[in-house]
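Student:
Number of protein chains: 2
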Amino acid sequence: MSHFPKPNATKKAKLSDVASLANVSASTVSRVLNQPDIVRPEIRERVQKAIDMLDYTPDRMAKALSSGRSHTIGTVVPTIGGSAIFSDGVEALQDELETLGYSLIVSSSRYDIEREFQQIKTLLDYGAAGLVLVGDTFSPDALRLIKKQGIPTVTTYTNKSRHGIPAIGIDNRAAGRELTRLLLKLGHKKFGIVANTALQNDRSQARLDGVREALAEAGVPLPLKNVVEVKLPTIENGRRGLAGLVELQTVPTAIVCTTDALALGAMSEARRKGLHIPDDLSVVGFDDIDVAAESDPALTTVKNPAAEIGRIAADYLNRAMNGQPIPLETELPASLTIRSSTAIAPAR
Amino acid sequence: MSHFPKPNATKKAKLSDVASLANVSASTVSRVLNQPDIVRPEIRERVQKAIDMLDYTPDRMAKALSSGRSHTIGTVVPTIGGSAIFSDGVEALQDELETLGYSLIVSSSRYDIEREFQQIKTLLDYGAAGLVLVGDTFSPDALRLIKKQGIPTVTTYTNKSRHGIPAIGIDNRAAGRELTRLLLKLGHKKFGIVANTALQNDRSQARLDGVREALAEAGVPLPLKNVVEVKLPTIENGRRGLAGLVELQTVPTAIVCTTDALALGAMSEARRKGLHIPDDLSVVGFDDIDVAAESDPALTTVKNPAAEIGRIAADYLNRAMNGQPIPLETELPASLTIRSSTAIAPAR
DNA sequence: CTGAAAGCGCTTACAG
DNA sequence: CTGAAAGCGCTTACAG
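Chains as they are written, first to last, in the numbering used here: chain L, 1 to 348; chain Y, 1 to 348.
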C-alpha cells in the first residue's frame, strides 16, 4: 500500500521566496519572468540566480487568475481511442500547442452532442483560453455559451463554418463524390453504403451526400435498403453493415463506408462470408488511418490530414488569442488513395 | 476572416454577483456550493435561484488556487495517436476522471524520457493534482520532482513498481513467455524478434526478456542476429524488421513482435515478399489493439486491458487524493488471444 | 528602472 | 447558521 502525499514532500518555492532571496520586490521578480528587458541587468541576474537556486517555476494557475489569460486549451473530440482518426489530430494539436506554450485538456463526447456541451462548459470553468471542436453540429446551448464567452474557438474535420466558428478540414462531400466516381469509373452500378449517420454525424452525412450526388449524376440508383445507417463508426458496425448489404436481393459490387474502421469491419465480414475483395466486391473507406494501408487487401480511401488539421487548429487559436484574424474556412486537400480493395466491377 | 473575442462577449457571472443578487455574503454562496447542508434551507434556495438566474458556474482556477486543491489530472503517454494502445487507455482514463469530477491534461512524450520530464514539470506548474505515467523508467529529474512535490502519481502498463510509484498493468514478461510457449508448442524452433527496445522501452524489454526466458527454458537458441531492435513501434518499423529477419541464413518460422503495430507491419511485409501466414510464418504481437482482430489473417496476440488500466488509474488517484492507501502493484490478467496468424511450424 | 498596493475569484478559519 | 477579513500566488497600473 502506498500513501500520498509523501512525508518528505516539500512545498514549491513561490515568487515571494525568490523575491526575498534576491532582495527585491515581487514586482521585480515578476518582471524578470515576463519582461526581462525592462529590468536592470545586474538585478536581473541576481533574481535569475535566486530562481535557479530555488528551482522556482511560476504557478500557472495563479498567473492565469491574476493576468486574466490562461494558457490551457480545451478540446472535445467524439472519441480518443480505437481506430478513429481523431487521436492523430489530438496528438498533433497537443504537440503544436506545447511548442506555443499551451497545455491541452481533452475530453471525448462519445459522439453525443449533449455530452459535448457539458464538456465545453467544464472546459470553460477550467479557464480554457481556447477551444478545438469537431464538426459543424453543436447543441444550441453550446453555441450560446461559446458566443457568450467570446472565447477563441475553431472546429475541425470540416471545411464548413456554420455558426461563425472557423472550420479547418477537408470537403467531406467532395471526397464522397470523388470516391464514388472512382467506383463508377470501374464499372460499378450496384452500391451499398455503411454510414455512421444515425447520430447526426455531419462529416459522415456530408460524405454520404457526396456519394448520392455522384450516383445521381451518373444516373445510378441507390435504393433505400442499400444504405445501412449505424451509430458509431466501429469495426463491429462495419461487419454488421456488410452482413446486411450482402443479403439484399441484388448484392452490391461496391461498398462505400463512411470511415475506415467501418470499411475494415466490412472487409473482414466479407472475407468471412467467402467473398473475395476486390474481385467480388470493392470496398472503400474514409480517413486513411494508419492501418488502412496494411489490411489485406490494402484499403482504398481518402486521406484525412488529421495531423495537419491539428497543427493548423493550434496555430489559428494562437493567432486568435493574439488578436489576429483567422480564416473562417480552411479547406485542406483530401487525397484519393487508391489501393487494392477496389477493382473493376465483376461481370454480372 | 474571423476575430476574437466576439463583440457581444459577456463576462461570466462570479460568486460576488450571486452574493449581491441573493443578498448574502460571499461566504454563504461558497457554502451552498460546497456544503449546502450547513446553510439554512430558505437562504440556500434563494442563493440557488440567483445561481440559476445568472447561470453561474464557479471558476475552477480560482477555486483551486484558494482551496489549495485542484481537480485537474495530468498524464504523459508515449504517444496518443496512431495504432498504439495508449489512446484507448487515455479515453477510459478521461472518462472515469470525468465522472469523478476531474479534468485531464494530456501530453505525449514521443517515447522520450527527457521530454517526459519537461511535460511532468509543466503539468505540475499547471497545478495538476495527480499524475498518470507509463512504464517504470523515468528520468532522475522527473523522479526527484515527483517525490519532492509529493503529488499522487500512478504508472501504467506495467505491474512493477520501481520507485515507490504504484503500478497498474499486466506482467509483460510473463506475457512474453506465454506467447513464446504457444509458438514452441506449435513446433517452432527458429525465432525472429522485432522489438522496440532501442529507446529503453521497459514494457517491450520485459516482453523480450520473457521471450528469451521461454526459449532458454526450451533449449531453443536465439542468435543475436535474430533480434531486430527498432526505436518506435510503428507499422513501418515492423515492415523493416521483417525484411531483415527474412534475409537471415536460416529464415525464422516464428516472428514475435513486441507490439501489434509492429506485427501488422511484419505481416504486411511478409505478404509482399510472397510468404504465407501462418503456413510459412507465424506472427504474434502484443496488446490486442482493435484492428488486430481484423487483419487477414487475424493476429494472435496478448490482450493489454488498456481501458481497465485507465479506469483503475483514475480510481487510485481519486483514492490517493482522499488520503486513502492504494496498492503498490496491481497486476491485471493478460489474456492470450489465439487467432489465425499462428500455426504449426512448417516442415523444414 | 523598482516597489507598495490592489486585485484576479474563490475558500477558510474566526467571530458573532 | 452567517459575515468580515485574510489569503491562495501571481500581475498590473500607479507612484516614485
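Ideal Cβ placement from N, Cα and C applies to all residues, glycine included.
(1) Listed from N- to C-terminal order along the chain, which residues in the region 46-62 of chain Y have their beta-carbon within a distance smaller than 8 Å of any beta-carbon of chain L?
(2) Output yes or no for whether 8 Å exceeds the beta carbon distance between T72(Y) and S109(Y).
(3) Given a cut-off of 8 Å, decide if S335(L) and A298(L) are closer than it, judged by their beta-carbon atoms.
(4) Can you round the beta-carbon distance between G127(L) and M61(Y) to whole angstroms, since I take them to be within the 8 Å contact cut?
(5) Where in the region 129-187 of chain L do unbroken runs of the alpha helix (DSSP H), each at least 4 residues long, occur, reported from the N-terminal end onward?
(6) My guess is that G176(Y) and T156(Y) are in contact by the Cβ rule of under 8 Å, so how many angstroms apart are they, rounded?
(7) Hey, how far is the Cα of D37(L) from the Cα of T28(L)?
(8) For a contact meaning CB atoms closer than 9 Å, what does G127(L) contact in chain Y?
(9) In chain order, what residues of the same chain have a beta carbon less than 6 Å from the beta carbon of E96(Y), not counting five sequence neighbours either side?
(10) Using 8 Å for Cβ pairs, my map puts I193(L) next to N226(L). What's the rounded Cβ distance?
(11) Answer yes or no: does any C-beta atom of chain Y fall closer than 8 Å to that of I352(L)?
(12) Given this structure, state the Cα-to-Cα distance separating R52(L) from P152(L), to the nearest angstrom.
(13) Along chain Y, which residues have their Cβ under 8 Å away from the Cβ of V230(L)?
(14) Rounded to whole angstroms, what's the CA-CA distance from I235(L) to T258(Y)? Just pull it up for me.
(15) Out of P166(Y), L317(Y), A13(Y), V283(Y), state which residue places its alpha-carbon closest to the alpha-carbon of V302(Y).
(16) Go ahead and label P7(Y) buried or exposed: buried means 16 or more other beta carbons lie within 10 angstroms of its beta carbon, across all protein chains shown.
(17) Relative to the C-alpha of V18(L), which residue among A263(L), N34(L), D55(L) is closest?
(18) Run down chain Y in chain order and give the residues with a C-beta less than 7 Å from the C-beta of R69(L).
(19) Mapping the DSSP letters down to three states, classify A218(L) as helix, strand or coil.
(20) Let me confirm a value: T330(L) is counted as buried when at least 16 other C-beta atoms fall within 10 Å, else exposed. Which label applies?
(21) So with Cβ pairs under 8 Å, would you call L143(L) a contact of chain Y?
(22) What residues in the region 283-311 of chain Y bring their beta carbon closer than 7 Å to a beta carbon of chain L?
(23) Starting from T374(Y), trace the alpha helix (DSSP H) both ways and give me its first and last residue.
(24) Under 8 Å between C-beta atoms, does V256(L) make it to chain Y?
(25) Taking the straight line between their C-alpha atoms, what separation do you get for L281(Y) and T337(L)?
(26) Would you call N23(Y) buried or exposed, if buried means 16 or more other Cβ atoms sit within 10 Å of its Cβ?
(27) Closest to P305(L) by C-alpha separation, out of Q35(L), N159(L), L224(L), would be which residue?
(28) If you run the structure through DSSP and keep just helix, strand and coil, what is I193(L)?
(29) Kindly examine the ligand NAP and report whether one of its heavy atoms sits closer than 7 Å to the Cβ of L93(Y).
(30) Can we say the region 75-94 of chain L touches the region 76-89 of chain Y, given the rule of at least three CB pairs closer than 8 Å?
(31) What would DSSP say about P5(Y), mapped onto helix, strand or coil?
(32) How would you write the range of the alpha helix (DSSP H) that I344(Y) sits in, first residue to last?
(33) Name the residues in the region 261-283 of chain L whose C-beta lies less than 7 Å from a C-beta of chain Y; which are they?
(34) List, in chain order, every chain L residue whose beta-carbon is nearer than 7 Å to that of S341(Y).
(35) For T10(Y) and N318(L), I'd like the C-alpha separation in whole angstroms.
(36) By how many angstroms is the C-alpha of R162(Y) removed from the C-alpha of L328(Y)?
Tutor: The relevant details are as follows:
(1) T57, P58, D59, R60, M61, A62
(2) Walking along the second sequence from the start, residue 72(Y) turns up at place 72. Walking along the second sequence from the start, residue 109(Y) turns up at place 109. Contact: no.
(3) Here residue 298(L) corresponds to residue number 298 of the first sequence, with the count starting at 1. Here residue 335(L) corresponds to residue number 335 of the first sequence, with the count starting at 1. Not closer than 8 Å, so no.
(4) As a working note, residue 127(L) is residue 127 in the first sequence. As a working note, residue 61(Y) is residue 61 in the second sequence. About 4 Å separates the two Cβ atoms, so the contact holds.
(5) 140-149, 172-185
(6) Counted from its first residue, the second sequence places residue 176(Y) at position 176. Counted from its first residue, the second sequence places residue 156(Y) at position 156. About 18 Å separates the two Cβ atoms, so there is no contact after all.
(7) As a first step, residue 37(L) must be located in the first sequence, where it is residue number 37. As a first step, residue 28(L) must be located in the first sequence, where it is residue number 28. Roughly 12 Å separates the two Cα atoms.
(8) For the purposes of this step, residue 127(L) is identified with residue 127 of the first sequence, where counting begins at 1. Simply D59, R60, M61, A62.
(9) Sequence index remark: in the second sequence, residue 96(Y) carries index 96 (1-based). R311, A314, listed in sequence order.
(10) The residue you call residue 193(L) lines up with position 193 of the first sequence. The residue you call residue 226(L) lines up with position 226 of the first sequence. Correct: roughly 6 Å between the Cβ atoms.
(11) Chain L is shown only over 1 to 348; residue 352(L) falls outside these bounds and no answer can be derived.
(12) As a working note, residue 52(L) is residue 52 in the first sequence. As a working note, residue 152(L) is residue 152 in the first sequence. The identity of residue 52(L) in the sequence shown is Asp, whereas the question assumes Arg. Cα to Cα, D52(L) sits roughly 35 Å from P152(L).
(13) The sequence position of residue 230(L) within the first sequence is 230, counting from 1. Result: empty, since nearest Cβ-Cβ is about 16 Å, beyond 8 Å.
(14) Working through the first sequence from its first residue, we reach residue 235(L) at position 235. Working through the second sequence from its first residue, we reach residue 258(Y) at position 258. Roughly 24 Å separates the two Cα atoms.
(15) The count along the second sequence starts at 1 and reaches residue 302(Y) at position 302. Among P166(Y), L317(Y), A13(Y), V283(Y), the Cα nearest to that of V302(Y) is on V283(Y).
(16) Looking up residue 7(Y) in the second sequence gives position 7. Only weak support is given to the placement of P7(Y): the predicted model assigns it a pLDDT of 48, under 50, and the question is left unresolved by the model.
(17) Position 18 of the first sequence, counted from the first residue, corresponds to residue 18(L). Per the Cα distances, D55(L).
(18) For the purposes of this step, residue 69(L) is taken as residue 69 along the first sequence, with counting starting at 1. Near R69(L) there are no residues of chain Y at all, since even the closest Cβ is about 11 Å away, more than 7 Å.
(19) Numbered from its first residue, the first sequence carries residue 218(L) at position 218. In this structure, A218(L) counts as coil in the three-state DSSP scheme.
(20) One-based indexing of the first sequence puts residue 330(L) at position 330. So T330(L) ends up on the buried side.
(21) By one-based count along the first sequence, residue 143(L) stands at place 143. Not closer than 8 Å to any Cβ of chain Y, the Cβ of L143(L) fails to qualify, so no.
(22) D290, V291, E294, S295, D296
(23) A question about residue 374(Y) goes unanswered here, because the residues of chain Y that appear run from 1 up to 348.
(24) Within the first sequence, the letter at position 256 stands for residue 256(L). Answer no: the Cβ-Cβ gap between V256(L) and chain Y never drops below 8 Å.
(25) As a working mapping, residue 281(Y) is identified with position 281 in the second sequence. As a working mapping, residue 337(L) is identified with position 337 in the first sequence. Near 29 Å, if we compare the C-alpha coordinates of T337(L) and L281(Y).
(26) Here residue 23(Y) is taken as the residue at index 23 of the second sequence, counted from 1. Label assigned to N23(Y): exposed.
(27) Start at 1 with the first residue of the first sequence, and residue 305(L) comes out as number 305. Closest by alpha carbon: N159(L).
(28) As a position in the first sequence, residue 193(L) is number 193, starting the count at 1. Strand.
(29) In the structure on display, the ligand NAP does not appear, and there are no ligands present to speak of.
(30) yes
(31) Indexing the second sequence from 1 puts residue 5(Y) at position 5. Note that P5(Y) has pLDDT 46, beneath the 50 cutoff, so the model's placement of it is unreliable and the number below is only indicative. Three-state DSSP puts P5(Y) in coil, outside helix and strand.
(32) The residue given as residue 344(Y) occupies position 344 in the second sequence. Careful: I344(Y) lies outside any alpha helix (DSSP H) and carries neither H nor E.
(33) L264, G265, S268, R271
(34) Working through the second sequence from its first residue, we reach residue 341(Y) at position 341. The premise fails here: S341(Y) is roughly 11 Å from chain L at the closest Cβ pair, so nothing lies under 7 Å.
(35) Here the question's residue 10(Y) lines up with position 10 in the second sequence. Here the question's residue 318(L) lines up with position 318 in the first sequence. Those two C-alpha atoms are separated by around 21 Å.
(36) By one-based count along the second sequence, residue 328(Y) stands at place 328. By one-based count along the second sequence, residue 162(Y) stands at place 162. C-alpha separation (whole angstroms): 10 Å.
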